[in-house]
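Residue numbers (our numbering): 54 to 432.
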Ligand SMILES: [Zn+2]
């Protein structure tokens with residue numbers, strides 16, 4: 054008879070400094086010994102709650118030619134890729150291109166289908182004719198009603214609002230001087246209040262200072278990107294418990310676009326804005342951590358989340374704090390359990406300490422989802 058219980062003796066990451074014991078049975082973590090449990094891995098090593106990518110776009114068809122963009126098949130193939138890399142919890146921030154937006158397939162996904170659970174926002178909200186065209190067209194007058202419908206009627210746990218543009222698109226509008234904000238603070242505040250009353254949370258895409266200031270004042274739940282934040286706003290975020298997903302690893306792609314890559318028009322002004330923004334927010338991320346702002350590792354699906362952890366570490370976060378943004382701290386901020394008694398056994402095991410080499414995070418030695426052993430990217 055195959056064993057139905059497993060044991061691990063390992064150092065619990067991100068903050069542990071000595072091995073401890075945990076057991077797994079019926080898909081869950083147990084802190085009390087279970088007789089006859091089989092060792093999952095050699096003693097020693099490191100155990101981490103499954104990685105979290107808090108900003109992805111699962112409808113994007115990057116690799117699977119022949120599958121319809123925006124379809125459930127694409128979403129599940131993408132979830133499978135995250136699974137094999139040990140990313141076991143995803144927050145989806147909506148459709149990514151116009152074609153994909155027609156058929157959002159991320160709301161209401163099952164939680165127990167052998168793939169990483171998804172906390173989804175559905176289609177983001179923005180006015181017609183701005184941004185990339187992926188949004189549900191929403192005038193300022195419609196913002197509160199659309200946000201409420203998404204949260205209350207479509208049961209989205211998060212609602213995503215596009216409050217300003219994407220830096221490579223600043224240039225045609227205002228010659229690299231960002232300034233466009235889609236909704237005024239009272240409209241955003243009414244939407245945030247409506248979403249909160251429906252029991253959901255609201256995430257706001259904000260690159261510019263103007264947008265970030267408005268989002269913080271309106272009392273939203275997370276700032277996505279936030280490259281225009283400053284010290285005062287970060288202090289206010291700490292007071293209000295507003296999370297920050299800096300998506301730092303996007304800088305290379307954005308700079309490439311500002312230089313005329315990926316079909317964008319070249320803009321030296323946008324390039325300068327990007328360099329200045331990244332130089333400014335790196336120390337701000339360290340300050341945010343010190344003040345207790347929940348920091349979330351998110352990638353837009355452009356880079357592995359391990360790369361974002363490495364970038365946050367380069368920006369000055371302690372290795373354990375950087376790792377927490379993609380594991381324990383992210384889970385706590387998103388209301389999901391980590392390594393605790395009775396929690397789903399969504400775990401990674403590493404023979405070597407990924408705090409010393411974040412690139413190890415890309416290839417866990419063992420991946421467990423709901424206690425099931427997964428063939429990992431390494432295996
Ligand atoms: Zn995004």
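Every residue, glycine too, gets a C-beta built ideally from N, C-alpha and C. If you're wondering where the values come from, they're calculated on a predicted model, not measured in any experiment.
Query - Per-residue DSSP class, three states only, for residue 329 - result: Helix.
Query raised in the report: Counting pairs of Cβ atoms below 8 angstroms between the stretch 352-369 and the stretch 308-325, do you hit three or more?
Result: As far as the Cβ criterion goes, the stretch 352-369 does not touch the stretch 308-325, which means the pair count is below three.
Query raised in the report: How is the beta strand (DSSP E) around residue 287 delimited, first residue to last?
Result: Run containing residue 287: none in the beta strand (DSSP E); it sits in the alpha helix (DSSP H), 284-293.
Report task. Please specify which runs of the alpha helix (DSSP H), each continuous and at least 4 residues long, are wholly inside the stretch 117-203, giving them in chain order. Result -> The qualifying runs are 125-137, 151-154 and 196-201.
Query - Helix, strand or coil at residue 408 according to DSSP, with G and I counted as helix - result: Residue 408 falls in the coil class under three-state DSSP.
**Report entry** Closer than 6 angstroms: residue 353 CB and nearest ligand 1 heavy atom
**Finding:** For ligand 1, at least one heavy atom lies less than 6 angstroms from the Cβ of residue 353.
Query raised in the report: Which residues in the same chain as residue 65 place their Cβ atom closer than 7 angstroms to its Cβ, once the five residues preceding and following it in sequence are excluded?
Result: Closer than 7 angstroms at Cβ, skipping near neighbours: 73, 100 and 392.
Report task. Express the C-alpha separation of residue 383 and residue 295 in angstroms, rounding to a whole number. Result -> Between the C-alpha atoms of residue 295 and residue 383 there is a straight-line separation of about 13 angstroms.
**Report entry** C-alpha distance - residue 250 paired with residue 162, whole-angstrom precision
**Finding:** Cα-Cα distance, rounded: 23 angstroms.
Query raised in the report: Regarding residue 307 and ligand 1, is the C-beta to nearest heavy atom distance less than 6 angstroms?
Result: Answer for residue 307: no, Cβ out of range of ligand 1.
Requested in this report: State the start and end residues of the unbroken beta strand (DSSP E) segment that holds residue 88.
Outcome: Neither: residue 88 is in no beta strand (DSSP E) and is coded neither H nor E.
Query raised in the report: Does residue 404 have its Cβ less than 7 angstroms from a Cβ in chain C?
Result: Going by chain labels, chain C is absent from the structure shown, which holds only one protein chain.
Query raised in the report: To which residues of the same chain is residue 386 closer than 7 angstroms at the C-beta, ignoring the five residues directly before and after it?
Result: So the list reads 296, 347 and 349, once near-sequence residues are dropped.
Query raised in the report: Is the distance from the Cβ of residue 203 to the Cβ of residue 214 below 7 angstroms?
Result: No. Outside cutoff.
Query raised in the report: Which word fits residue 174, buried or exposed, when buried means at least 16 other C-beta atoms lie within 10 angstroms of its C-beta?
Result: Buried, because 16 or more other Cβ atoms sit within 10 Å of the Cβ of residue 174.
Query raised in the report: How big is the Cα-Cα spacing for residue 237 and residue 193?
Result: In this structure, the alpha-carbon of residue 237 lies about 8 angstroms from that of residue 193.
Report task. Kindly examine ligand 1 and report whether one of its heavy atoms sits closer than 6 angstroms to the Cβ of residue 146. Result -> It does: the Cβ of residue 146 is within 6 angstroms (strictly closer) of some heavy atom of ligand 1.
**Report entry** Run of the alpha helix (DSSP H) containing residue 304, from where it starts to where it stops
**Finding:** Residue 304 -> alpha helix (DSSP H) spans 304-311.
Report task. For the stretch 333-407, list the beta strand (DSSP E) runs that are entirely contained and at least 3 residues long, ordered along the chain. Result -> The stretch 333-407 contains these whole beta strand (DSSP E) runs: 400-403.
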